[in-house]
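Just below is one structure, and these are the notes that go with it.
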Amino acid sequence: MTRERTLSAQALTLAYGDRTVVEGLDYTVAPGQITAIVGANGCGKSTLLRALARLLSPAAGHVLLDGTDPRTRPSKEVARIVGLLPQSPVAPEGIVVSDLVGRGRHPHQGTFSRWSAADYEAVTAALEATDTLSLADRAVDELSGGQRQRVWIAMALAQDTDILLLDEPTTFLDVSHQVEVLDLLTDLNHSRGTTIVMVLHDLNLAARYADELVVMRAGGILATGAPRDILTSDLVREAFGLESTIIPDPVSGDPLVIPAGRHHVR
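Counting along the sequence shown from 1, when you hit position 195 you're at 758 in our numbering, and nothing is skipped either side.
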């Protein structure tokens with residue numbers, strides 16, 4: 564099991580130029596848990612994730628990793644602790660799958676280090692876990708969208724971090740592969756104790772797989788807590804402007820959101 568790490572935001576304000584996206588936000592990632600960040604488009608979900616990953620500098624406030632500003636620590640050290648799968652990653656032209664996944668091992672290697680047995684084992688395990696081992700010698704730009712997404716997830720797994728941040732990891736995946744990826748992340752959390760924070764669009768998948776939901780609206784956090792404790796039709800209306808009915812998921816018992824829609828309200 565990995566050591567529990569702390570990752571938090573304090574009075575965090577994030578902006579792109581003159582446009583403020585997140586303002587005065589306080590949030591602490593639940594260590595050792597699976598957290599899903601949900602909310603309407605444009606509410607600041609991906610922006611918050613980018614700031615937690617040190618890709619976006621705060622306009623005000625702080626992001627703290629184990630109580631210190633990660634920007635004051637060596638990049639490789641932080642990359643051994645926090646991994647990020649962004650929303651639309653771009654692979655170098657012509658790179659093959661095994662080489663791309665292998666890039667996840669860079670934080671664990673010195674400047675002149677050769678690949679170790681541990682590196683090869685980590686890459687193979689990541690390819691096997693994502694069902695992409697058969698694609699190892701294929702060029703990434705020849706793959707389908709779903710195959711590419713699984714390869715990117717393999718790279719994130721090969722990085723072997725204590726905290727893994729994923730921005731819409733089920734993008735481009737059909738339903739069966741969405742479930743497989745979320746099952747895989749759950750296994751990773753249970754077996755290694757990896758803290759996982761992911762932005763998800765599918766509220767029902769978020770409710771089924773997350774230990775904690777973070778519901779955002781207009782750059783702030785509307786509610787946090789276990790899905791069974793906080794997910795109500797009032798919250799869905801406030802966060803998404805959507806009328807719905809909440810029933811128990813017949814498979815998991817978690818809350819299941821049934822959208823009403825304007826043409827189906829009786």
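Cβ coordinates follow ideal geometry from the N, Cα and C atoms, glycine included.
Small disclaimer: the values here were computed from a predicted structure and weren't measured.
Residue interval of the alpha helix (DSSP H) (run including residue i)
i	result
V742	738-755
T687	680-692
L627	Segment 623-628 is the beta strand (DSSP E) holding L627; no alpha helix (DSSP H) there.
R771	766-772
Extent of the continuous beta strand (DSSP E) to which residue i belongs
i	result
L805	Counting along the chain, L805 falls outside any beta strand (DSSP E), and DSSP gives it neither H nor E.
R780	775-780
I784	783-788
V760	758-762
Reduced DSSP category for residue i - H, G, I as helix; E, B as strand; rest coil
i	result
T635	helix
E731	coil
R582	strand
I644	coil
H671	helix
Q712	helix
S815	coil
G605	coil
L706	coil
S620	coil
D797	helix
M564	Because the pLDDT at M564 is just 45, under 50, the model does not fix this residue reliably, and the point stays unresolved.
Beta-carbon proximity check, residue i vs residue j, cutoff 9 Å
i	j	result
R702	V659	Here residue 702 turns out to be Ala, not Arg, going by the sequence shown. Result yes, Cβ atoms of A702 and V659 sit closer than 9 Å.
L819	L728	no
L588	L570	no
I759	N752	yes
L690	V664	yes
E705	Q596	no
V744	Q712	yes
V831	V601	Examination of residue 831 is not possible in this model, given that the chain is present from 564 through 829 alone.
Exposure of residue i, with buried meaning 16 or more beta-carbon neighbours within 10 Å
i	result
P655	exposed
T610	buried
Y579	exposed
E731	buried
T757	buried
G667	buried
P621	buried
W678	exposed
I726	buried
K608	buried
T808	exposed
D792	exposed
Cβ separation of residue i and residue j, assumed to be a contact under 8 Å, to the nearest whole Å
i	j	result
A547	E801	Summary: the structure shown does not reach residue 547, with the chain confined to residues 564 through 829, and so no result is reported for it.
Q741	T733	4 Å
V641	P652	The Cβ separation is near 18 Å, so there is no contact.
A603	R780	7 Å
L575	V626	7 Å
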